[in-house]
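Input: a single structure, listed below in structure tokens.
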Amino acid sequence: MNIKKVSELSGVSADTIRYYERIGLIPPVKRNDNGIRNFDEEDLRWIVFSRQMRNAGLSIESLVEYLTLFQVGNETVPARKEIIADQIGELKEKASELNTAIERLEFKLANYDEHMIPAENALRDFNMNK
10 MNIKKVSELS GVSADTIRYY ERIGLIPPVK RNDNGIRNFD EEDLRWIVFS
60 RQMRNAGLSI ESLVEYLTLF QVGNETVPAR KEIIADQIGE LKEKASELNT
110 AIERLEFKLA NYDEHMIPAE NALRDFNMNK
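Going by the working numbering, 18 is the number at position 9 of the sequence shown; the sequence numbering is gapless.
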């Protein structure tokens, strides 16, 4: 498959695929006699896996570390699991922060006339009296 086809199948742009290859998120892709990348199903799986992990919030550095450990073998399973567990912790913390923000905004909306309008008027009055 050419890079355009792999991009369509994976939902990852051609530029991102080239970047992933350059930094080692996917193994080097085989090339034909003209030097053009010739992707196979395994390459596509690597691209999809890398994109899924990035979408889950793993940094490039964490993902490179994860893949480096993967290449070493099964003795690195505990370290790989730790990378994933750390990311889960970060996502839960972000989710908690987002839930707090949502609750705050829902309160403001539900109490707009009693809460927001007086607060906005006070801000407006303060700025006018400067």
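Glycine included, C-beta positions come from ideal geometry on N, C-alpha and C.
Check                                                                                          : Outcome
Sheet register partners of R46 (DSSP bridge)                                                   : R40
Proximal residues to S16 (C-beta, below 8 Å), its chain only, five neighbours per side dropped : S22, A23 and I26
Residue burial classification, D95 (beta-carbon count within 10 angstroms, cutoff 16)          : exposed
Distance between M62 and R89 (C-alpha atoms, nearest Å)                                        : 12 Å
Candidates T85, E106 and S19, of which the one nearest E49 by Cα                               : Here residue 49 turns out to be Asp, not Glu, going by the sequence shown. Closest by alpha carbon: S19.
Residue of K101, N130, D42 and S59 minimising C-alpha distance to Y29                          : S59
Local Cβ density within 10 Å of V38, reported as buried at 16 or more and exposed below that   : buried
Under 7 Å between C-beta atoms of I92 and S71                                                  : yes
As assigned by DSSP and simplified to three states, the class of L34                           : coil
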